[in-house]
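Enquirer: Structure provided below as structure tokens; questions to follow.
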Amino acid sequence: MTFDDCTPLPVPGSDDAGIPDGIDDETMLALAFERFGGPEVLSLVERPIPLPGPGQALVRVLSAGFGPWDVLEREGALAPFAAGAPVFPYVPGAEGAGTVVDVGAGVQRLREGDRVCGLLPLRSPKHGFHAQFVVVDVDHLWPVPPRLTLPQAAALPVDGGLAMHAVAVALALGPGDTALVFGASGGIGHMALQFARQRGARVLAVASGADGVALAERLGADMAIDGRRHALAPALRIFAPDGLDAALLTAQTPDAGVIVDALRSGGRIAWPRGVTAPPARDDVAASTFGAGAGARQVHAACRAATRGPFHLHIDARFPLADAADAARAIARHHLGRIVLDVP
């Protein structure tokens, strides 16, 4: 299916960026761009509703995740890593949630009406979740965990998968382990904190701001400090006088060396791609991970969210037409995740 004959609608962020009348039952609204660039390249377009092929499902999207990767995708920074050449108009959106409305040949485990969340990893030239409908391979769709609302489920696949990989695979946390989560009030961090606690680890959460500390404490951190205001070394000595078993760095920090020094011999440290590697230590296992590793752990993240206790924190919700405002919010201080409401 192509993007031919898409009709531009009002630019998000403008006074006329409402949802237009006259959309029929064979077309949908999608957020798209004709070229890579800044927020000004975004527009709402009317385009045909896609049809699911074998092994696929058509999902009516009701909420879509919005993260830093969406900004990078709009700017073209992710194009070299995509599965194919970009097709314009390009509809972004790596993750989202909604309801199954149709399935392709051979699909048995999903049916019309199922509430699902989904992931489209490195999907170009496929269109994404920033639209009213999206076609997704059923292997990348999961039932919405009962504890989660659709907006929460929409923000689970990317960061939840990364957080689960960090906790369960890269750091292999278990009962009694002492772990530090740096960036514990962010998207990956606040989920990793909870997954670590589910596995019986003790967690020192380094969060951002007093509101971030309060969130980390509500989510079960054994100790939480504000990384902007408090020295890390004294907190580490109090929390783990015999040394940390593991550390997860979800954001840049000038204290990376302090954290590495606090790890016991045989400890583990991990960080997602995009975070600067910490100093190396011969007796510490170090690993980085990316989107592919996270995609393999979304199912486990959904199971953990179902098992609970678990809370996915949504800091702000924006209408689909206001994706430019969502991008500005991403650049400011915020907790947890930001999502788009799809009309």
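In terms of full-length UniProt numbering, the sequence shown opens at residue 1 and continues consecutively.
Ideal Cβ positions, reconstructed from N, Cα and C, are used throughout, including at glycine.
(1) Secondary structure at P68, three-state DSSP: helix, strand or coil?
(2) Reducing DSSP to helix, strand and coil, say where G266 ends up.
(3) Considering only the beta carbon of each residue, do L44 and L62 sit closer than 8 Å?
(4) So A155 and E95 are in contact, right, with Cβ under 8 Å, and what is the actual spacing, rounded?
(5) Alpha carbon to alpha carbon, how far is S208 from R228? Give it in angstroms, no decimals.
(6) Answer with buried or exposed for residue 385, where buried requires no fewer than 16 other C-beta atoms within 10 angstroms of its C-beta.
(7) My guess is that P278 and L249 are in contact by the Cβ rule of under 8 Å, so how many angstroms apart are they, rounded?
(8) What is the rounded straight-line gap between the Cα of L193 and the Cα of G212?
(9) Apart from the five residues on each side of it in sequence, which residues of its chain come closer than 8 Å, Cβ to Cβ, to R268?
(10) Using the beta-carbon count (16 or more within 10 Å), is F295 buried or exposed?
(11) Taking all protein chains shown into account, do 16 or more other C-beta atoms lie within 10 angstroms of the C-beta of G160, making it buried, or fewer, making it exposed?
(12) Determine the closest residue to P38 out of P319, G76 and L263, with distance taken between C-alpha atoms.
(13) Can you say whether Q108 is buried or exposed, counting buried as having 16 or more other CB atoms within 10 angstroms of its CB?
(14) What are the start and end residues of the beta strand (DSSP E) that includes I314?
(15) Would you give the residue range spanned by the beta strand (DSSP E) that T27 belongs to?
(16) For residue 345 versus A85, is the C-beta spacing smaller than 8 Å?
(17) Checking 8 Å against the spacing of the C-beta atoms, do T99 and R74 come in under that value?
(18) Three or more C-beta pairs closer than 8 Å, one from the stretch 231–242 and one from the stretch 138–149: is that the case here?
Expert: According to the structure data:
(1) As a first step, residue 68 is located in the sequence shown; it is residue number 68 there, counting from the start. It is helical.
(2) In the sequence shown, counting from the first residue as 1, residue 266 sits at position 266. The answer is strand: DSSP assigns G266 an E or B state.
(3) Counting from 1 along the sequence shown, the entry for residue 44 is found at position 44. Counting from 1 along the sequence shown, the entry for residue 62 is found at position 62. Result no, Cβ atoms of L44 and L62 do not sit closer than 8 Å.
(4) Taking the first residue of the sequence shown as position 1, residue 155 is located at position 155. Taking the first residue of the sequence shown as position 1, residue 95 is located at position 95. At roughly 7 Å, the Cβ-Cβ gap stays under 8 Å, so A155 and E95 are in contact.
(5) Looking up residue 228 in the sequence shown gives position 228. Looking up residue 208 in the sequence shown gives position 208. Their Cα atoms are separated by approximately 6 Å.
(6) The first residue shown for the chain is 1 and the last is 343, placing residue 385 beyond what the model contains.
(7) Locating residue 278 in the sequence shown gives position 278, counting from the first residue. Locating residue 249 in the sequence shown gives position 249, counting from the first residue. So it is a contact: roughly 6 Å between Cβ atoms.
(8) On the sequence shown, position 193 is the one that residue 193 refers to. On the sequence shown, position 212 is the one that residue 212 refers to. Near 12 Å, if we compare the C-alpha coordinates of G212 and L193.
(9) Walking along the sequence shown from the start, residue 268 turns up at place 268. Once the five neighbours on either side are set aside, the close Cβ partners of R268 are A170, L171, A172, D245, A246, A247, V284, A285, A286 and S287.
(10) By 1-based counting over the sequence shown, the position of residue 295 is 295. Going by the sequence as given, residue 295 is Ala instead of Phe. A295 comes out buried.
(11) Translated into positions along the sequence shown, residue 160 becomes position 160. So G160 counts as buried.
(12) To locate residue 38, count along the sequence shown from 1; it is residue 38. Per the sequence shown, the amino acid found at residue 38 is Gly instead of Pro. Among P319, G76 and L263, the Cα nearest to that of G38 belongs to G76.
(13) In the sequence shown, residue 108 corresponds to position 108, counting from 1. By the neighbour-count rule (16 or more Cβ atoms within 10 Å), Q108 is not buried but exposed.
(14) Start at 1 with the first residue of the sequence shown, and residue 314 comes out as number 314. Where I314 is concerned, the enclosing beta strand (DSSP E) stretches over I314 to P319.
(15) Here residue 27 is taken as the residue at index 27 of the sequence shown, counted from 1. Note, T27: beta strand (DSSP E), T27 to F33.
(16) Nothing in the structure corresponds to residue 345, since the chain is present only between 1 and 343.
(17) Sequence index remark: in the sequence shown, residue 99 carries index 99 (1-based). Sequence index remark: in the sequence shown, residue 74 carries index 74 (1-based). With respect to the 8 Å criterion, T99 and R74 are not classified as neighbours on the basis of their beta carbons.
(18) no
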